[in-house]
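In my numbering, the protein residues as written are 123 to 463.
The beta-carbon is built from N, C-alpha and C at its ideal position, and this holds for glycine as well.
Scroll down for the structure; my scribbles are underneath it.
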Amino acid sequence: MKRKIAVLGAGSWGTVLAKVLADNGHQVELWARREELAAEITLKHTNEKYLPGIKLPAELTATSSLAEALSGKEVVVFVVPSHSMREIAREVGGLIAPGALVVHAVKGFEIDTWKRMSEVLLEELGESFAERITVLSGPSHAEEVIKKCPTTVVVASPGQETAEQVQMMFMNRYFRVYTNPDVIGVEVGGALKNIIALASGLVDGLGFGDNAKAALMTRGLAEIARLGSAMGAKPITFVGLAGVGDLVVTCTSRHSRNWRAGHKISQGKKLPEVLAEMGMVVEGIKTTKAAHALARRYDVEMPIAAQLYEVLFAGKEPALAVKELMGRGRTKELEEIVQGW
Ligand SMILES: NC(=O)c1ccc[n+]([C@@H]2O[C@H](COP(=O)([O-])OP(=O)(O)OC[C@H]3O[C@@H](n4cnc5c(N)ncnc54)[C@H](O)[C@@H]3O)[C@@H](O)[C@H]2O)c1
Ligand SMILES: O=P(O)(O)OC[C@H](O)CO
Numbered sequence: 123m124k125r126k127i128a129v130l131g132a133g134s135w136g137t138v139l140a141k142v143l144a145d146n147g148h149q150v151e152l153w154a155r156r157e158e159l160a161a162e163i164t165l166k167h168t169n170e171k172y173l174p175g176i177k178l179p180a181e182l183t184a185t186s187s188l189a190e191a192l193s194g195k196e197v198v199v200f201v202v203p204s205h206s207m208r209e210i211a212r213e214v215g216g217l218i219a220p221g222a223l224v225v226h227a228v229k230g231f232e233i234d235t236w237k238r239m240s241e242v243l244l245e246e247l248g249e250s251f252a253e254r255i256t257v258l259s260g261p262s263h264a265e266e267v268i269k270k271c272p273t274t275v276v277v278a279s280p281g282q283e284t285a286e287q288v289q290m291m292f293m294n295r296y297f298r299v300y301t302n303p304d305v306i307g308v309e310v311g312g313a314l315k316n317i318i319a320l321a322s323g324l325v326d327g328l329g330f331g332d333n334a335k336a337a338l339m340t341r342g343l344a345e346i347a348r349l350g351s352a353m354g355a356k357p358i359t360f361v362g363l364a365g366v367g368d369l370v371v372t373c374t375s376r377h378s379r380n381w382r383a384g385h386k387i388s389q390g391k392k393l394p395e396v397l398a399e400m401g402m403v404v405e406g407i408k409t410t411k412a413a414h415a416l417a418r419r420y421d422v423e424m425p426i427a428a429q430l431y432e433v434l435f436a437g438k439e440p441a442l443a444v445k446e447l448m449g450r451g452r453t454k455e456l457e458e459i460v461q462g463w
């Protein structure tokens, strides 16, 4: 079934998801915050800032008007940074058709409340959308999907039927989509892996080698599963695409903005300088604050996230953070994660 779809957010990921949907024959309109970018996408079929050198399909149009983007659409896909989700959801709340499906592909928590993105959407759009909000996550760098490199993602929704509709909408020969009923696990896995990716960039920058990287990813997964389970996720979700899958790709790829930001910090650069140099969303920075707060709220131990918090926000030397992690007291390996599997 061909759909009329609005994709809100014309950064790297929003533009690429819009292209996947356009490749699948859907009628897609992108919303870009800046008018010049909307004009560039519609008239030149490029998005040079976020996807340099890439030609977009001629059928893919963009607008800077939210009302125009949403007019007559059956599906709305949110791909804005997590810090702007509530503002945008509030603005479009009254404009979304009552029966429309809502999808988000955002990997982060709301600042200060530390709510998940589907919670924010539900609060702003209303209870009538409860069964129709879906999250799309998994190991998927925009730079590779745009070249049709084989990619797998997962969609999670409270209703299996909704998840399957979204699965069919996005799935094609280069973009394979799985379903999972665990919305909390998929959202928490996608958000928290960014912290470990930042730490990976740091450890790589310090020249600590492959053993340290493997340790970080494995013990990072333990922290993700521990907090996620306390928040209500199914632990098994963290061995899936939104857990291990995304952790592997983000910690090992030079495409990762989070990895690159961590690497720059290892070279002695301060956070404002790093953010200015990146010029793109680095969700892991805010998510480190989220993990710090959520670990306290749910009373779970997250030593890697705690050390990263001190490096990012209290000026701790990265090498000292690693030394302190290695100097922690003796402990058992998997007990806390295995509970509930
Ligand atoms: N890039 C990827 O490969 C990728 C893959 C999967 C998921 N994601 C997730 O997708 C989300 C969006 O990331 P992205 O990669 O497209 O980011 P990006 O940095 O490429 O683009 C961000 C877009 O958001 C816009 N923006 C910035 N502040 C805004 C605000 N206050 N209100 C509205 N729009 C604003 C920018 O103008 C830009 O168009 C993030 O949560 C990210 O983790 C990204
Ligand atoms: O570039 P990053 O670090 O924001 O990661 C992008 C995606 O989340 C990878 O799946």
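Subject >> Pick from Ile210, Trp153 and Arg208 that is closest to Lys195, judged by C-alpha positions >> reply: Trp153
**OP:** Please classify Tyr431: does DSSP put it in a helix, a strand, or coil?
**Re:** helix
**OP:** Verify whether the separation of the beta carbon atoms of Asn302 and Val276 is less than 7 Å.
**Re:** yes
Subject >> Range covered by the beta strand (DSSP E) that runs through Gln78 >> reply: Outside the shown range of the chain (123 to 463) lies residue 78, about which nothing can therefore be said.
**OP:** Going by CA-CA distance only, name the one from Glu423, Arg298, Gly260 and Thr410 that's closest to Phe435.
**Re:** Thr410
Original post:
By how many angstroms is the C-alpha of Thr235 removed from the C-alpha of Arg418?
Top reply: 13 Å
Subject >> Ala313 versus Asn380: straight-line alpha-carbon distance, rounded >> reply: 11 Å
Original post:
When you compare each of Phe297, Gly311, Ala278 and Leu393 to Leu324 by their alpha carbons, which one comes out closest?
Top reply: Leu393
**OP:** Use the C-beta contact count for Gly406: other C-beta atoms within 10 angstroms, 16 or more gives buried, fewer gives exposed.
**Re:** buried
Original post:
Is the beta carbon of Pro261 within less than 6 Å of some heavy atom of ligand 4?
Top reply: Annotation note on ligand 4: not contained in the displayed structure, which lists ligand 1 and ligand 2 as its ligands.
**OP:** Using DSSP bridges, identify the partner residues of Ala127.
**Re:** The sequence as given places Ile at residue 127; Ala does not occur at that position. Bridge partners of Ile127: Val150 and Val197.
Original post:
Using the beta-carbon count (16 or more within 10 Å), is Pro174 buried or exposed?
Top reply: exposed
Original post:
Should Gly323 be listed as close to ligand 1, given that the test is whether its C-beta is under 6 Å from any heavy atom?
Top reply: no
Original post:
Based on the DSSP output, what are the partners of Ala184 in its beta bridges?
Top reply: Leu152
Original post:
Tell me which same chain residues have a C-beta within less than 8 Å of the C-beta of Ala428, skipping the five on either side of it?
Top reply: His414 and Ala417
Original post:
With respect to 6 Å, is the separation between the Cβ of Trp135 and the closest non-hydrogen atom of ligand 1 below this value?
Top reply: yes
Original post:
How about the segment 339-350 and the segment 257-273: do they share at least three Cβ pairs that are nearer than 8 Å?
Top reply: no
Original post:
With respect to the beta strand (DSSP E) encompassing Arg298, which residues constitute its N-terminal and C-terminal limits?
Top reply: Phe297 to Asn302
Subject >> As assigned by DSSP and simplified to three states, the class of Val276 >> reply: strand
Original post:
Within 10 angstroms of its Cβ, does Gln282 collect 16 or more other Cβ (buried), or is it exposed?
Top reply: exposed
**OP:** Would you decide whether Ser240 is buried or exposed? Buried here means 16 or more other CB atoms lie within 10 Å of its CB.
**Re:** buried
Original post:
Any chance the segment 372-392 sits against the segment 262-274, with 3 or more Cβ pairs inside 8 Å?
Top reply: yes
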